[in-house]
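Notes for the one structure printed next.
Residue numbers (the numbering used here): 4 to 279.
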């Protein structure tokens, strides 16, 4: 059984001082990773991750997740290799086909934003280019649909299940089972993860805007995207997910970094951190 890893997904940067302070804080809280969205409130994640690397020394930095249509594969490879080498391997590359509403940003960059199926096909071509380098960052793919699950099963080092916010355990089981079948003998090589929407049960206008349901409604529906704020209950849920699905890499929105840090610390000190 894989040991747990815990991370924070950051999508807001009013200025460089605030961003680097956040990076230092996430490292001080004991997290394993700091991941940047694409874009970060309109900013280029690669620029911000370079700044985060300069003010941290231990934490792994990554993207959650880059929209493949935004970048040429060769330019992306150059940027990813630069961070990988300059940080001494403290970079993991998260890649996705792009959210349905990402077409506007792609157009601003002068890039095409084709159909979902074509975006997955083009991303497979990008991955083939990235994998020409033996020394490369670990590749994280965010997946839930059939085509992305199949691509992730074939190519990813890390897979984060990007299921619907209201996904229940039974619905999640179906997605995980499909992925396991697709991965076959590669499954032991792949780290499985999930990104949480919230911790606790308090209402959140931001979550409601994003998910279409507020946190209390998600909790009432039994959604696997919300973790209890009580460290003991949260630890048991995380261990249950790892035992049932093999999920060991858990991230959360930066707005919940503090309560999630307490949970991560409880998991580590309770003996649930290690594999087995």
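Glycine is no exception: its CB is placed at the ideal position from the N, C-alpha and C atoms.
C-alpha gap between residue i and residue j, whole angstroms
{"i": "residue 187", "j": "residue 156", "result": "8 Å"}
{"i": "residue 66", "j": "residue 223", "result": "31 Å"}
{"i": "residue 4", "j": "residue 20", "result": "39 Å"}
{"i": "residue 279", "j": "residue 268", "result": "The predicted position of residue 279 is uncertain, since its pLDDT is 44 and thus under 50; a value taken from the coordinates is nonetheless stated next. Going from the Cα of residue 279 to the Cα of residue 268 covers about 18 Å."}
{"i": "residue 256", "j": "residue 40", "result": "10 Å"}
{"i": "residue 166", "j": "residue 147", "result": "6 Å"}
{"i": "residue 116", "j": "residue 71", "result": "10 Å"}
{"i": "residue 29", "j": "residue 260", "result": "8 Å"}
Cβ-Cβ distance between residue i and residue j below 8 Å
{"i": "residue 96", "j": "residue 149", "result": "no"}
{"i": "residue 163", "j": "residue 198", "result": "yes"}
{"i": "residue 251", "j": "residue 195", "result": "yes"}
{"i": "residue 200", "j": "residue 168", "result": "yes"}
Reduced DSSP category for residue i - H, G, I as helix; E, B as strand; rest coil
{"i": "residue 45", "result": "coil"}
{"i": "residue 9", "result": "strand"}
{"i": "residue 252", "result": "strand"}
{"i": "residue 14", "result": "coil"}
{"i": "residue 272", "result": "helix"}
{"i": "residue 64", "result": "strand"}
{"i": "residue 32", "result": "coil"}
Contact set for residue i: own chain, Cβ-Cβ below 6 Å, skip 5 residues either direction
{"i": "residue 142", "result": "96, 159 and 160"}
{"i": "residue 34", "result": "9, 10 and 11"}
{"i": "residue 265", "result": "234"}
Cβ-based neighbour list, residue i, same chain, cut-off 8 Å, excluding 5 preceding and 5 following
{"i": "residue 227", "result": "166, 170, 171, 172, 175, 197 and 244"}
{"i": "residue 31", "result": "none"}
Note down, one range per segment and in chain order, each beta strand (DSSP E) of at least 3 residues found wholly within the segment 88-153.
Whole beta strand (DSSP E) segments, 3+ residues: 94-99 and 141-146.
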